[in-house]
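Q:
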Ligand SMILES: Nc1ncnc2c1ncn2[C@@H]1O[C@H](COP(=O)(O)OP(=O)(O)O)[C@@H](O)[C@H]1O
Ligand SMILES: Nc1ncnc2c1ncn2[C@@H]1O[C@H](COP(=O)(O)OP(=O)(O)O)[C@@H](O)[C@H]1O
Ligand SMILES: [Mg+2]
Ligand SMILES: [Mg+2]
Ligand SMILES: [Mg+2]
Ligand SMILES: [Mg+2]
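Chains as they are written, first to last, in the UniProt record's numbering: chain Y, 1 to 194; chain A, 1 to 194; chain X, 1 to 123; chain L, 1 to 123.
Structure below.
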């Protein structure tokens, strides 16, 4: 059935629930290689998004735009403009395509442009780069999500706060990759969207 | 007759009076190529010095040490540690010499070490470098002081706040050179010290 | 064409303090600030940056920031404002101080940018 | 041997704000500050710097400063304290942030200094 305003809202509410449940865990990951706020940042942002979407947007494009602007205004950390840009690009793309794979590909391009990170830099870009093709080819699974997140563990950070640690950033999962994992999990669990 | 506690105090009180009289002028010079506080900084410092010296120190060494520490604690700008270091070095030197030329030479070495400036960098070092030899050879005059100060006008600043202006620092007398000029004038006017 | 400065930091106090430091040497330069998140926590806010851009009296703005994540919000804001924004990856305090001094002295943008070059950092 | 940080600025708010920023990533590092003159005006104070050195819980201190004149007071204070002080001519905020992150991670001084090299500036 593809993307509808209703399943986008469901997707976001599910993502928000996962963030809420894991906010301490995400912040703990960020404590190890950053400033310890990623879970709290995302929780603030996604709570505001759910709130915003409680009034149903008219179109998918409107929905993505509202998600983007809400995250940009409330998250506060690097993940704010990054997820914000992702959803802004999805909003733009949604005016010409309703294929979720195309939208997520546009989002990934936006994230890379916004943060300047490339695959291998130990950022959310790694998880998105691994999983967007899986969505496109309809092969996304829980296992692939988990292993994409886990794969950031052994990388040396080249972008974001963790990059100040150089080699010492090894051995810890990247917090933004973990939260991105939840986004893809929520997508996978949303009936009819893929 | 040479250096005595009494004529050191007289020298300082005279210097303080000149600073007081010209504090707005010194700050205006600093407004052109700095942050506009040099006169106020020196006024605060020398008022405290005169106050301190109103209780007569036991030795010349004590006098210079008190002058130094008072300037360091009260001036607040770059000129504080610079004049402070100058008088600290004079205090040190005064334990083995009572020749004002030797003391001023030690002071100049201290100023250069503290600030890293060389002659030609458009700082107080220029005035000291020009005038210390005149003191040593007993040839200090009001004219030589004036022309040493004036000579800083056409230089390009290489140290201190004025250095941020690069070429634009040309055409203005350096404020710390002007205040140093007053120090040498006060010295010249102090009966029996040279 | 006038040049102004916008300062962006994760901490509100850092930009109010820095603005004071620059004001001393650049009395005639419009300097606006965006510090902290919308809730005044540690972080940055695109909304505050946009407001700092719009409050700035100059036509063209030189923007400086502390840490990398501020840059992303700055770029987002740059895309959303109609003002001309120049963003510099340079030492935050030292770069902003240099720019303020030179703008006050009437130095042109290309020359200012030349003086900012030695202060460039990977941020 | 523990490492601490002392921050010196012409403006009190800059160092209190910066100290907050560093505290977020370096909860276990002793960070002490000296901002403004003894009268809390814009400028620096050797007395405040000495106090920041002595209040610091670490044996060795990495010191960072904003503008050149702060450096002179820092050097004077360094000569007057018995603590071991390392003074860096690097981008103030970026350098202090880098050092705080690395000290918190237990990185040794020589390695920290290597990471500070690319942040060096003529100040
Ligand atoms: N330049 C960047 N490009 C892509 N992702 C980045 C970049 N910088 C940070 N991130 C992501 O953001 C996450 C941190 O988010 P968050 O903690 O909310 O922000 P902050 O670091 O500002 O506190 C990182 O784990 C990483 O995945
Ligand atoms: N590195 C330096 N070496 C020698 N003299 C210096 C140096 N930096 C500044 N000065 C002197 O200090 C004067 C400025 O003093 P002041 O205005 O009190 O300090 P600040 O620049 O901190 O406001 C300059 O005019 C110059 O003569
Ligand atoms: Mg974080
Ligand atoms: Mg943060
Ligand atoms: Mg000054
Ligand atoms: Mg000053």
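C-beta atoms are modelled at their ideal positions from N, C-alpha and C, and glycine is treated no differently.
For residue 83(X), does the three-state DSSP call read helix, strand or coil?
A: Assignment of residue 83(X) by DSSP, reduced to helix, strand and coil, places it in the coil class.
Q: Tell me residue 34(L)'s beta-bridge partners as DSSP assigns them.
A: 8(L)
Q: In or out: residue 95(L) buried (at least 16 other Cβ within 10 Å) or exposed?
A: buried
Q: Determine the direct distance from the alpha carbon of residue 172(A) to that of residue 41(L), and round the result to whole angstroms.
A: For residue 41(L) and residue 172(A), the distance between alpha carbons rounds to 26 Å.
Q: From this set, 155(Y), 88(Y), 114(Y) and 116(Y), which residue's C-alpha is nearest residue 103(Y)'s C-alpha?
A: 88(Y)
Q: What are the boundary residues of the beta strand (DSSP E) that residue 63(X) is part of?
A: 60 to 65
Q: Are the C-beta atoms of residue 98(X) and some chain A residue less than 9 Å apart?
A: By this cut-off, residue 98(X) is an interface position.
Q: Hey, does residue 53(X) have any beta-carbon neighbour from chain L nearer than 9 Å?
A: no
Q: What whole-angstrom Cβ distance do residue 69(L) and residue 77(A) have, given they're in contact under 8 Å?
A: 6 Å
Q: Closer than 8 Å, Cβ to Cβ, to anything on chain Y: give me those residues from the region 74 to 91 of chain L, in chain order.
A: none
Q: Can you list, in chain order, the residues of its chain with a C-beta nearer than 7 Å to that of residue 29(X)? Leave out the 5 residues immediately preceding and following it.
A: Cβ-Cβ distances below 7 Å link residue 29(X) to 4, 5, 100, 103 and 104 in the same chain, with the five nearest sequence neighbours on each side left out; the list follows chain order.
Q: Can you tell me which of 58(L), 20(L), 47(L) and 54(L) puts its alpha carbon nearest to the alpha carbon of residue 76(L)?
A: 47(L)
Q: Return the residues of the region 43 to 70 of chain L that lie within a Cβ-Cβ distance of less than 7 Å from chain X, sorted by chain order.
A: Contacts with chain X (Cβ-Cβ distance below 7 Å) from the region 43 to 70 of chain L involve 66 and 67, listed in chain order.
Q: At 4 residues or longer, what runs of the alpha helix (DSSP H) sit wholly inside the region 9 to 88 of chain Y?
A: Within the region 9 to 88 of chain Y, the complete alpha helix (DSSP H) runs of at least 4 residues are 38 to 53 and 60 to 74.
Q: Distance check for residue 64(Y) and residue 90(Y), CA to CA, integer angstroms please.
A: Distance between the alpha carbons of residue 90(Y) and residue 64(Y) is about 7 Å.
Q: The region 144 to 177 of chain Y: which residues have C-beta closer than 8 Å to a C-beta of chain L, in chain order?
A: 161, 164, 165, 166 and 168
Q: Ignore the nearest five residues each way along the sequence and tell me which others in residue 67(A)'s own chain have a CB closer than 6 Å to its CB.
A: 49 and 87
Q: Do the region 148 to 162 of chain A and the region 186 to 193 of chain A make contact, defined as three or more Cβ pairs closer than 8 Å?
A: no
Q: Given this structure, state the Cα-to-Cα distance separating residue 24(A) from residue 16(A), to the nearest angstrom.
A: Cα-Cα distance, rounded: 14 Å.
Q: Just checking residue 123(A) against ligand 2 - is the residue's beta carbon closer than 8 Å to any of the ligand's heavy atoms?
A: yes
Q: On the criterion of 16 or more Cβ atoms from any shown chain inside 10 Å, does residue 118(L) qualify as buried, or is it exposed?
A: exposed
Q: Can residue 66(X) be considered in contact with ligand 4, in the sense that its beta carbon sits closer than 8 Å to one or more heavy atoms?
A: no
Q: Examine chain A for any beta-carbon lying closer than 9 Å to the beta-carbon of residue 41(L), and answer yes or no.
A: Chain A contact via Cβ: present.
Q: Quick one: give me the first and last residue of the alpha helix (DSSP H) that residue 45(L) is part of.
A: Taken as a continuous stretch (DSSP letters only), residue 45(L) belongs to no alpha helix (DSSP H), as it is neither H nor E.
Q: Consider the Cβ of residue 115(A): report whether some Cβ of chain X lies at a distance smaller than 9 Å.
A: no
Q: Can you list, in chain order, the residues of its chain whose CB lies under 6 Å from that of residue 74(A), leaving out five sequence neighbours each side?
A: Correct list, in chain order: 44, 45 and 48.
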